[in-house]
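Scroll down for the structure; my scribbles are underneath it.
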Amino acid sequence: MIPPRVREWIISVPAMAWLVVFFLIPTLVIFVIAFKPATPMGGLGEGWTLDTWRELGNPNYPDIMMRTLRLSFYCTAACILIGLPFSYYMARAAEKLQRWLLMLVIIPFWTNFLIRVFAWKAVLHPEGPLKHLLVSLGAVPPDTMLLYNEGAVLLVMVYTYLPFAIMPLYASIEKFDFSLMEAAQDLGAGRVVFFSRVFLPGIRRGIQTAVLMVLIPALGSYVIPDILGGPTSEMLGNKIAQRAFADRNLPHAAALSALLCAGVMLLLIGWGLLARHRQKRGLT
Amino acid sequence: MKSSRLPATTVWLTLLFFYLPILVLVVNSFNAHKYGGSWDGFTLKWYVRLFEDRAVWHALGNSLVVALASTIVSTVLGTVAAYAMSRFASRLQKVQYGLIYMPLIVPDILMGMSLLLFFLSVGFELGLASICVAHITFCISYVAMVVFARLQDFDYSIMEAAYDLGADSRTAVLKVLLPALAPGIAAGALLAFTLSIDDFVITFFVSGPGSSTLPVHIYSMMKHSRFMPVINALSTLLLVVTFAAVGVSQYLTTKKGNGVK
Amino acid sequence: MDGLTFEGITKQFGDLKALDNVSLSIRQGEIFSLLGPSGCGKTTLLRICAGFETPDSGRVLLNGEDITGLPANRRRVNTIFQNYALFPNMTLRANIAFGLQVAKVPKKEIADRVEAMLQLVQLEKHAHKRPNQISGGQKQRVAIARALVNRPQVLLLDEPLAALDLKLRQRMLVELGDIHDEVGTTFVYVTHDQGEAMGLSDRIAVLNHGVVEQVGTPPEIYEAPRSSFTAAFIGDTNFFNGRVCEIVDSEYCTVEIDGLEPRIRMFNDKNLRANVPVDLSIRPEKFSIHRQPPDSAQERNTLRGVVENVIYLGSHTKWWVRVSDEYLISVTSQHSRFLLDKDPIRWEEEVWISWHADDGYMLERYNESDESLVALPDTEVQTLEDEPE
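Residue numbers (this note's numbering), protein chains in the order written: chain A, 52 to 335; chain B, -8 to 252; chain C, 375 to 763.
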């Protein structure tokens, strides 16, 4: 008979070892390589250097950082603002309709991400249907460019990440105890008071999860600005790919990735602290 | 309180937003006009061109090989990890949970970049093998989470019942535990397969020459607008496959739901 | 006109008629219970009163004013919800202050009134806690405070004790009575538990299938039920199907029971005529049980039977006595000196049971569908004393 403690190790080690070797160590490698010198051949030189970090002062980067933050923030805000009424309706609908709506939200998840982005390229194309429609309605002048700008990137980011917001919002609204709505009414509250003082605090966890689920991948967006954006709407992800493939400057790509990684970790740590703080105060 | 009409309006507009581009894409795959700006008549020529493109089929083959391999490995590893996490409540399992949770959060591009740098540093040749390794890494997490969720309401006393009735641990696991978990494991495996077939960003970073999977190949086609209608056709076919898969799995789960629960 | 009045309230949910032309008037300051089995419409009536449902027809009047169409947040009526519905994100103090804040009461006054309420429900020490940090009984008290702090004209209580365990329920029942004595607000209390209703209420309305079966004080409802439903729902009882046989005098008649030998003498308070089909209802505690035939007295009825089952219940013993193929009678008896009884009546003994002609009542049987009520399974018909189970 093998003792339970040993049994636990035997069944825990395979997955953990795999993730340590192929996830944890590679993530640390990013931080190491950011301090290596680059060779002109696209390889890594000997010794250590801070040159890469100095190059990040290049005036191009603050612009790109700000744009990345701005677009991610707008995208998150839009996803929450659309996701809230959507999930509310879904959670309050009859069970059958709920199931259907859930399906309809999930199906885009099941279609290839590239194809969804590509579909927008066709819709927004200068000779595509949306442009024709808008011009014929007189809503935009004929020389308007719908593609290759920040607007297009933001639109499709919202399109892509909205389901990530809807899912956690729906899950928490579905669990929300709507007898609290009657309790609030009973105590004289109108719609606005109920919404701001009871409902939103009640689904706070769902909102926090939704923010993280959208914000983190949005910060790492690469394909959307690559396909639908132009040179003036590049994001951090584009730069990473550019440095890695086009310029073959691996330390530079690593340094940018390290920045992104640090940003994501800060977000998660902040979230964890917030959760712990609330737990201490007795708020689940 | 009268109910507001805002939520309902949002729902229907959002669904339109979700499905309009997909609809446009499907329609355009039959449109003779190259950019779909106007309807130039029905055609199947884009489909013909797609079937003549051997690179597409080669990439599809790669995708299937990778998806199959990574599904098998990640399902085994993920299931074992989920079982360990639900059976034992130790510090070790907290660490394991953290390790499994992290890949779900980290942006794709970070994972792609880190694996690329890792493979280059240790001299691992980029190709189908490196793609498989990458896919297994993120699939483990998804499989483990799905199976773990199932195990949360698993009644371990049925295992004890099996022992009580004289089963040894091998029999108990094979005849009681695994059959009870089968739907969860199947769901996890299906998710792993879909994610693997679907992944572009991570694959793009760790693929080598000649090892393009379908999404990577589609991406290279997208860079040239002359392929646009062909991609429309390909996408439409993939959509049909997806919807068929959703339909079948939906049918299977509801049928099972009626029969068993 | 003070108090709360329902006039001809009807409410339909799909095929189900939840309330059918219900009229009730509840006096200012009384504790009024709506009692009935689940699905009888009592909660619907309460929700109509609170403003969460609108009746299909009929009116609700509060102190003479029609409030039927008034939205819930503008009624001077507050509710204690079954699951308390406390706001989880607020402290107990904030929960209690909520209604006053919404009503834009000055801050100083809010603080004073909330403090007074906390005192009333004895929760001063816990005011900073949140609902998930306190016990069920404490939640119950917060819910009461949160409602009463608004000084409602009517307090609605929707099965407020259902989520508590028995001991706590009994204590809260006493506390509810005390709080009512203190504030004097009209309480409308919805429950399916006759024990709660009997113990707490000034008056009770028994509801069944959306219809008011009877309104009365607890003793009226128990001792003189006006329908077999009420008789069966409140307390435990034995039913006999029979027919009025002979009018003895202005007060008494005899009744013939199918398949039972002696005719039974009954108090004929309803002045029923001969040959009217009736249900007799005789409560178990009205019987005496004897080992020997008791002395025959004109005003007492006696039946001979065999004990089929004996259940010792602590405060009393219950016997099941087979008096005919059709009738198995439940008889209860208190025993002040049970352990001293050398020879208590046991299983399979031959016994005589007797009762006074005044200790039962007759209900005219209108249609056969009433039979279904008569056949109510014993488990659903709990007596007050049977509660601890």
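Quick reminder that beta carbons are idealized off the backbone N, C-alpha and C, glycines included.
Item	Value
Quick one: using the 10 Å Cβ neighbour count with 16 as the cut-off for buried, is glutamate 233/A buried or exposed?	buried
So, at 7 Å on beta carbons, what are the nonlocal neighbours of glycine 134/A in its own chain, with the 5 sequence-adjacent residues on each side left out?	Leu213, Ala216, Ile217, Leu220, Ala261
Identify whether arginine 58/A lies in helix, strand or coil by the three-state DSSP scheme.	helix
State whether the stretch 108 to 115 of chain B contacts the stretch 210 to 228 of chain B, with contact taken as three or more CB pairs (one from each stretch) at a distance under 8 Å.	no
Spell out the partners DSSP gives cysteine 627/C in its beta bridges.	Ile621/C, Met640/C
If you follow the alpha helix (DSSP H) that lysine 290/A is in, where does it begin and where does it stop?	287 to 292
Please report the distance separating the alpha-carbon of serine 284/A from that of valine 197/B.	25 Å
Check whether the Cβ of methionine 196/A lies closer than 8 Å to any Cβ atom in chain B.	no
How big is the Cα-Cα spacing for methionine 208/A and cysteine 126/A?	6 Å
Indicate whether at least one CB of chain A lies closer than 8 Å to the CB of asparagine 447/C.	yes
Does the beta-carbon distance from glutamine 568/C to phenylalanine 607/C come in below 8 Å?	yes
Return yes when the Cβ of alanine 477/C is within less than 8 Å of the Cβ of threonine 453/C, no when it is not.	no
Extract the residue ranges of the alpha helix (DSSP H) inside the stretch 158 to 233 of chain A, only unbroken runs of 4 or more that lie entirely within it.	164 to 175, 180 to 187, 201 to 226
For tyrosine 92/B, decide whether its Cβ has a neighbour in chain A, counting only Cβ atoms nearer than 8 Å.	no
Can you pull the chain A residues whose beta carbon is under 8 Å from the beta carbon of leucine 230/B, in chain order?	Thr162, Ile166
Looking at chain C, is there any beta carbon in it that lies within less than 8 Å of the beta carbon of glutamine 236/A?	yes
For cysteine 312/A, go through chain B and note every residue whose CB falls closer than 7 Å to its CB, in chain order.	Leu101
State the DSSP-derived secondary structure class of histidine 566/C, mapped to helix, strand or coil.	coil
State the DSSP-derived secondary structure class of leucine 181/B, mapped to helix, strand or coil.	helix
Could you name the residues of chain C that valine 249/A contacts, counting a contact when the two beta carbons are closer than 7 Å?	Phe461
Please state if the CB of valine 695/C and the CB of glutamate 722/C are separated by a distance shorter than 8 Å.	no
Check the DSSP bridge columns for valine 589/C and list the partner residues they point to.	Ala579/C
How would you write the range of the alpha helix (DSSP H) that methionine 736/C sits in, first residue to last?	First-last for methionine 736/C: 735 to 738, but that is the beta strand (DSSP E), not the alpha helix (DSSP H).
Check whether the stretch 560 to 567 of chain C and the stretch 525 to 542 of chain C touch, using three or more Cβ-Cβ pairs below 8 Å as the test.	yes
Anything in chain B within Cβ reach of threonine 78/A, meaning under 7 Å, just list it in chain order.	Ser105
By DSSP, does aspartate 674/C sit in helix, in strand, or in coil?	In the sequence as displayed, the identity of residue 674/C is arginine instead of aspartate. Looking at arginine 674/C - three-state DSSP - the assignment turns out to be strand.
At the level of alpha carbons, what is the spacing between alanine 269/A and valine 174/A?	22 Å
Between the Cα of isoleucine 143/A and those of Leu238/A, Met264/A, Leu318/A, Asp228/A, spot the shortest distance and give me the residue it belongs to.	Checking the sequence, you will find arginine at residue 143/A rather than isoleucine. When each option's Cα is compared against that of arginine 143/A, the closest is Asp228/A.
Report yes or no: is there a C-beta of chain C within less than 8 Å of the C-beta of leucine 231/A?	yes
Could you name the residues of chain A that valine 476/C contacts, counting a contact when the two beta carbons are closer than 7 Å?	Leu238, Gly239, Ala240, Val244
Are there 16 or more other CB atoms within 10 angstroms of the CB of tryptophan 693/C, so buried, or fewer, so exposed?	buried
Verify the CB distance criterion: does asparagine 452/C have a CB-CB separation below 8 Å to chain A?	yes
What residues are listed by DSSP as bridge partners for phenylalanine 613/C?	Ser655/C
Output the distance between the C-alpha atoms of valine 548/C and isoleucine 131/A, rounded to the nearest integer angstrom.	48 Å
Going by C-alpha to C-alpha distance, which of Pro88/A, Arg248/A, Met92/A, Leu107/A sits closest to glycine 98/A?	Pro88/A
Does the beta-carbon of isoleucine 400/C have 16 or more other beta-carbons within 10 angstroms, so that it is buried, or is it exposed?	buried
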